[in-house]
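All residue numbers for the sequence shown refer to my numbering, where the first residue is 246 and numbers rise by one.
We put the CB at the ideal spot given by N, CA and C, even for glycine.
Here is the structure we will look at, set down as structure tokens.
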Amino acid sequence: FNQEKRNGGEELDTGNSVPDFKNFQRTFLAVYLLCCAADWIQGPYLYKLYAYYGFSKGEIGSLFVTGYVSSGVFGTIIAGMADSVGRRKTCLAFCAFYGLSCLTKHVPNFNILLIGRILGGISTSILFSVFETWYMHEHQRRHAYPDSWLVETLSLMTFGSSVVAIGTGVLAAILVDFAPPPFIDFSGGIVTPPSILVVFDCAILFLIIAAVIMVKKWPENDGGSSSGLLVGWVTLTSNRRIWIMGIVQACFEGAMYLFVFSWTPTLEHSAGNNASDVHHGLIFSTFMVCIMIGTNLLTILVSHVAKKLEKQNPSGDDPTQLVLLYTIGVA
């Protein structure tokens, strides 16, 4: 393969070998999907664990909100920090932070669980920003693969995450069903629910495997000097469309988070005396299947409508109808 040197001595592979790309792609997707698995597998049983520890709905709400606030606050600085300290190091930090967050689930103490939620919020910010940035740098700058191959990987990330979400929901249900039954601390402590905690221990296992692959297979990259929050704020305040997009996104995310918080207690309340028979993992997987079906149907519908709009308006200057259709579909 032909090799070039970028500024700073970074080696650039311009061979564009398909087998090499596939190997590179598989290595990235293996790590990314393992980390997604560690995130998704906790979803079905997080509320149930907090409720089992005896926290009120208000206290559980505070724990959930803390995670969301942590993700929002740290999400504004994570990308710039990763550019400075290195994206691989930041991705490894994700594994460490999320692993510690899972460990806190073993302690039925509100303050400890609150720290776990803060760590979880930081981890979520890393997962949905830095991993993709690391990949794009490697794809475009180190290997100089075609941009069309980048689209393929991004599509596989989205599809793979959906498949992993479905699979981990089923896996969580199996683990909980086959885990040892709860045991009682006769010294006066709380009943420990290993059948639930095994889900969070499994997440730690996924994170360890992902970290090992990163250490062995991923080179370090960074973005050089970061433009900082000031430039971002100037861009935000000078463009009205960014504000509108942010408000729409915030409304959608708010509705989604309300659902995430409410579905477990709602189902258990509806089940009444049979609440213990509610299979949270399988229900979670069903949600994910519906999301995948809806996403594919919406993609087909939007593509069909886009072709009609293109005929009516070849210049494409007014995409309002298409955006409205997409918004209604998401709703």
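Selection H351, I411, G412 and I323 evaluated against A338 yields I323 as nearest (Cα-Cα).
The Cβ atoms of G312 and G414 lie no closer than 8 angstroms to each other.
Cα atoms of W379 and S316: separation of roughly 19 angstroms, rounded to the nearest angstrom. Less than 8 angstroms separates the beta-carbon of A455 from that of C340. If you draw a 10 Å sphere on the C-beta of N466, you find 16 or more other C-beta atoms in it, and that means buried.
In this structure, P264 and F529 do not form a Cβ contact; the two beta carbons are roughly 37 angstroms apart against a cut-off of 8 angstroms. In the three-state DSSP reduction, P391 falls in the coil class, being neither helix nor strand. Rounded to the nearest angstrom, the gap between the Cα atoms of G320 and R485 is 21 angstroms.
A straight-line Cα-Cα distance of about 13 angstroms links L279 and T403. For E465, the secondary structure class from DSSP, reduced to helix, strand or coil, is coil. Taking C-beta atoms under 8 angstroms as the contact rule, I305 and A296 qualify, at a distance of about 7 angstroms. Runs of the alpha helix (DSSP H) lying entirely within the stretch 262 to 338 and spanning at least 4 residues, in chain order: 263 to 285, 291 to 297 and 302 to 330.
When secondary structure is reduced to three states using DSSP, V457 falls in the helix class.
Cβ contact annotation for A448 (same chain, cutoff 7 angstroms, sequence separation greater than five): A283, I286, Q287 and C347, in chain order. For the 8 angstroms CB-CB criterion, S440 and V421 form a contact. Here N354 carries a coil assignment [DSSP, helix/strand/coil]. Of all alpha-carbon atoms in K553, C281 and V476, the one lying nearest the alpha-carbon of G365 is that of C281. For V547 and L395, the gap between their C-alpha atoms comes out near 22 angstroms. Q494: member of the alpha helix (DSSP H) spanning R485 to A516, first to last residue.
Comparing alpha-carbon positions, the option among V534, I545 and F355 lying closest to A410 turns out to be V534.
Only residues of its own chain outside the window of five on either side were considered, and among them N466 have a CB closer than 6 angstroms to the CB of H382, listed in chain order.
When secondary structure is reduced to three states using DSSP, A424 falls in the coil class, being assigned neither helix nor strand. If you look at F376, you'll find it in the alpha helix (DSSP H) that goes V375 to H382.
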